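For the protein sequence lines, the chains are A and B, in the order given.
Residue numbers for the first sequence follow the numbering used here, so the first one is -3 and each next one is one higher.
Residue numbers for the second sequence follow the numbering used here, so the first one is 42 and each next one is one higher.
We put the CB at the ideal spot given by N, CA and C, even for glycine.
Only a predicted model underlies this, so the values are computations on that prediction, with no experimental measurement involved.
Remarks on the structure that follows.
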Amino acid sequence: MKSLLRLALAAGLLLTGTLGASAAASSKLVVAFLPKSKGNAYFISCKAGAEKAAKELGVELLFDGPTDSNAAKQNEIVENWITLGVDVIAVAAENKEGISTALRKAQKAGIKVVTYDADSMPDSRSFFVNQATPEGIGHALMDDAARLLNGEGEFAIITASLTAANQREWQKHIEARLKEKYPKMKIVAVRPCDDLKDKAQSEATALMSANPNLKLIMAICSPGVPGAAEAVKQAGKTGKVKVIGLGLPNENKRYVHEGVTDTVILWNTGDLGYLTIYAGVALAKGELKPGAKSFKAGTLGTFAIAGDHILLGKPFAFNKGNIDQFNF
Amino acid sequence: MNDSGTRDWKSLLLRHEMLLLYVLVAEWLFFYFAGTTTNRRGVIVGFGTVDRQFDILRHSCEIGLLALALTPVILTAGIDLSVGSLLGLCAILFGKFWHDAGMAIPVAAALALACGALGGALNATLITALRLPPLIVTLGTYSLFRGLAEAITRGAITYTDFPAGFLFVGQERWLGLPTQAWIFFLVASGVWVLVHRTTFGRSFRAIGFAPEGARYAGLPVERRLALAYVLAGLIAALAAIIYTARLGQAKADAGTGYELFAITAVVLGGTSIFGGTGSVHGTLLGVAAIAVLKNGLACLPVVMRMNAAEEMSGLLTGALLLLALTGSVLPRLWSQWRAHRSAAALPSPKPHTPT
C-alpha cells in the first residue's frame, strides 16, 4: 500500500515537472484571441489571419472560446486569461455589457484589450477593430449595383425587417449614395424578409411579377441573398434579374457559380483577425496609443483610425473568381 | 475484535468523503505545481494565485447552490433535472421584474425567489399528488421552464445595465471573499443543519431507503418530499440572482447544463443516486473537486496550447465521476472477497476477483 502511494507520488511529480516546464519557457508576448464560439467557421477564418499575424510578430497566440455562443463562458475564459497573466486579450463580444466587467478587470490587471467583430462597452477596451462601417457597406452595395446595371434602371431591396437598426443604417447610406452618384437608378420597393430564406424567396418572386422592369435585387440581410437567388432561378430570370447582397460565402457559392448571384459583399475575415492581432501587439508594445490617426499592420498596409475604431476599410466582394477560397 | 479502535479509525480514513478529500488535495497540489508560472513581467501567474482561488470560488457558487439543492432531493431517491432551466427562468423573471416592471432590486429578487419556489412546488405537486416519477416530471419541467424563459424573451432580449450595488453581489469582494461566497456558505450551513441535524434530514434518508416503510412509520412522506423540491426551486432562484449579478446580464440560456454538473457533484460527493445515504459535506467536496479540476486544467500550458480546456474538463469530470464510483464500491468488493476466501478456507482454487 505504502509503496503504491510512493509510486503514485513519484509519477505525479514527474508529470508535474514535464507539464510545468513548457510554460516557463514562454518569454514571448502572449495574445489571447476570443471568438463568440470557437466552432463557427466565420471565426475559424478570423483565426487563420490571427495565426499569420502572430507568426510574423513572433508572439504566442491562445485561441479559446465557448463551444456555443455563450456569454457566461466568455467571461470565465477571460477571467482565466487574467490570472494566467496574458499580455493582450482580443474579444468578439457575445454580450456587450456582460463581457465588459471581465474586460475592465483585465485592464486593471495591466492587460491590453482590443475588440473585434462585435464591440464591448467603450471604457472596457482600448480599440475596436471595426470590420465595416455602415457607410462602407452602403457604398459598396450601391456601387456594385450601379456597376452591374451600368448606372441605369430599377432595383429592389430585401431587408431583414423594416425596423432592424443595422439594416436601416445601411439603407440610409445606400439611398444617400444613389442620390449623390446614380440619378438614373431607382429603388422601386423595400421588402422585409424577417431574416428567413423562405420569406425572402416569396418576396423576391412577388417583386419580380409586380415590377416587370426590375433589373436587380439587393438583399441586405444574409438569408435574403440565397432566398432571392432561388426565386430568380425558379422564375427562369437568371441573368435578366441580377442578385447581389450582404452575406456569407458558403450559403451563396452555388448561386454564384450558377451565375444567378453576381456579388456577395462582406469583409475579409482573415484580414480582420490579422489586423486585430497587429493592433493588440502594437498596443502592448506601446507603439499604438489612444488618439492615433492611422496604424500600419504588417503586409496589409496602413489603416485609418476614427476615434477608437480601427477601420478594416472597404468591404470585400466575393464573386465567381474568389469565392471558393473562403469557407464560412 | 480487540483492534476495533484502529478499525474505526481506518474506516474513517477510508470513508468516501475522506477519499474525496485526498483527491481534492492531490488535484490542488498538482495544479499548484504544474499550473503556476512566472510570466514575462516576472509576475507569478496561473493556478497558484489568490485571485485564481477566488475565481474558483466565484465560478462554483451557482453550480454549488444547485448541488446543495439537489442533495436532499437525491437523498429521497428523487431527482430534479429542472434546476438549471429554473435558474434560467428565474434570471429572466428577475430581469423582467426589475427592468420592465420597474421594481426595486430587492423586490424583484424576492419575487424571483417566490417564482423559484413556485416552480419547485409544481414539481412537488406532480410528484407527490399524482405519484409520477421525479425523473419524468422534472424532465418535463426541464423543457417547460427553459421554454418559458425563451418565450418571455423571444430568445432575443437580454437584460443588462444592472446597478452597481447589485453587481457588487457577483463581482466584488466583501470581508475578503467574493460576496456571493458568503451567501453560498450561509445556504450550505443551512442545508447541512437541515440534512444532518433535524428530523427532516432523517426523514429524507428514510424515504430514500424505503418510502413505504417511512409511510408505515408514520412519516408525512408527501410533505417531506414536497419540502425537498420546493427548497430546490428556491435555491435555484437564488443561484439565478447570483448568476445575474456575476455576469451583469440575464438571458434565457442562463444555467444551461448546470443541472448535470450539479448532479455529478452530488454523486461524486458520495450521495447514492438510489437515495438513503449521502452527506452535504460530501456534496461540497464534490463541487470543489469539479471546480478545481475545471479551473486547474485551464492553467496547464499543455491544455492551453491545445485550446481545449473546456473539452478536457468535461472529459476529466466524467472520468473522475466514474473513478469515484468505482472507488466507492471497491472496499465492499474487497471485504466480500476476503470473506469469501476465509469462508472457503484454505485451498480455494479460484476466488472470484473483481475485474
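- Could you run through the region 271 to 283 of chain A and flag, in chain order, every residue whose CB is less than 9 Å away from some CB of chain B? none
- Query: Name the chain A residues that come within less than 9 Å of T90 (chain B), Cβ to Cβ?
  - Reply: T79 and G81
- N126 (chain A) - partner residues in DSSP beta bridges: A:L307
- Alpha-carbon spacing of G136 (chain B) relative to A192 (chain B), whole angstroms: 14 Å
- Query: Could you give the C-beta distance for A86 (chain A) and G276 (chain A), rounded to a whole number, given that I count them as a contact under 8 Å?
  - Reply: At roughly 5 Å, the Cβ-Cβ gap stays under 8 Å, so A86 (chain A) and G276 (chain A) are in contact.
- Could you tell me the boundaries of the beta strand (DSSP E) in which D258 (chain A) lies? Counting along the chain, the beta strand (DSSP E) containing D258 (chain A) begins and ends at T257 to L262.
- Could you name the residues of chain A that H100 (chain B) contacts, counting a contact when the two beta carbons are closer than 7 Å? E72
- Span of the beta strand (DSSP E), counted from its first residue to its last, around V110 (chain A): Residues K108 to Y112.
- Under the criterion of a Cβ to heavy atom distance below 8 Å, does A205 (chain B) qualify as lining the ligand ADP? With respect to small molecules bound, the structure shown includes none, and the ligand ADP cannot be examined in it.
- Is there a Cβ from chain A that is less than 9 Å from the Cβ of K292 (chain B)? yes
- Item | For R214 (chain B): DSSP bridge partner residues | B:P219
- Return no unless some Cβ of chain A is closer than 9 Å to the Cβ of Q221 (chain B). no
- 7 Å Cβ shell around N91 (chain A) - same chain, five flanking residues per side excluded: Cβ neighbours of N91 (chain A) beyond the five flanking positions: A67.
- Do we get a CB-CB distance below 9 Å when we pair V109 (chain A) with the residues of chain B? No - not a single Cβ of chain B is within 9 Å of the one on V109 (chain A).
- Query: Mind checking L158 (chain A): buried by the 16 CB within 10 Å criterion, or exposed?
  - Reply: exposed
- Are any of the Cβ atoms in chain B nearer than 9 Å to that of L25 (chain A)? yes
- Find out if the Cβ-Cβ distance for the pair E226 (chain A), K182 (chain A) is shorter than 9 Å. no
- Would you call the CB atoms of A118 (chain B) and P252 (chain B) closer than 9 Å? A contact, by the Cβ cut-off of 9 Å.
- Three-way DSSP call (helix, strand, coil) for I73 (chain A) in this model: I73 (chain A): helix per DSSP, three-state reduction.
- Kindly indicate if chain B contains any beta-carbon less than 9 Å away from that of K317 (chain A). Here residue 317 (chain A) is Gly; the residue named in the question, Lys, does not match the sequence. It does not: the Cβ of G317 (chain A) has no partner Cβ on chain B nearer than 9 Å.
- Query: Would you say A44 (chain A) faces chain B, with C-beta separation under 9 Å as the test?
  - Reply: no
- Going by the CB atoms, is the gap between I304 (chain B) and I115 (chain B) shorter than 9 Å? In contact: I115 (chain B) and I304 (chain B) (Cβ atoms closer than 9 Å).
- Task: Check whether the region 105 to 122 of chain A touches the region 135 to 149 of chain A, taking contact to mean three or more Cβ pairs, one atom from each stretch, closer than 8 Å.
- Result: no
- Message: By the three-class DSSP mapping on this structure, what secondary structure does T79 (chain B) have?
- Response: strand
- Going along the chain, which residues of its own chain have a beta-carbon closer than 8 Å to the beta-carbon of A185 (chain A), five neighbours each way excluded? A152, I153, L203, A206 and N207
- Query: Does P118 (chain A) come within less than 9 Å of chain B when only Cβ atoms are used?
  - Reply: no
- Nearest-angstrom Cα separation, counted from A231 (chain A) out to Y299 (chain B): 50 Å
- Drop a sphere of 10 angstroms on the beta-carbon of A19 (chain A), count the other beta-carbons inside from all chains shown, and report buried for 16 or more, exposed for fewer. Bear in mind that a pLDDT of 42 at A19 (chain A), under 50, signals an unreliable position, so the number given afterwards is only what the model happens to contain. So A19 (chain A) counts as buried.
- Task: List the endpoints of the continuous alpha helix (DSSP H) containing G188 (chain B).
- Result: P175 to T194
- Task: Could you tell me whether any Cβ in chain B is nearer than 9 Å to the Cβ of A68 (chain A)?
- Result: yes
- Task: Using beta-carbon positions only, say whether L357 (chain B) and L309 (chain B) come within less than 9 Å of one another.
- Result: The answer is no: Cβ separation not under 9 Å.
- Would S18 (chain A) count as contacting chain B if we go by Cβ distances under 9 Å? Its pLDDT being 42, under 50, S18 (chain A) is placed unreliably in this model, and the value from its coordinates should be taken loosely. S18 (chain A) counts as touching chain B.
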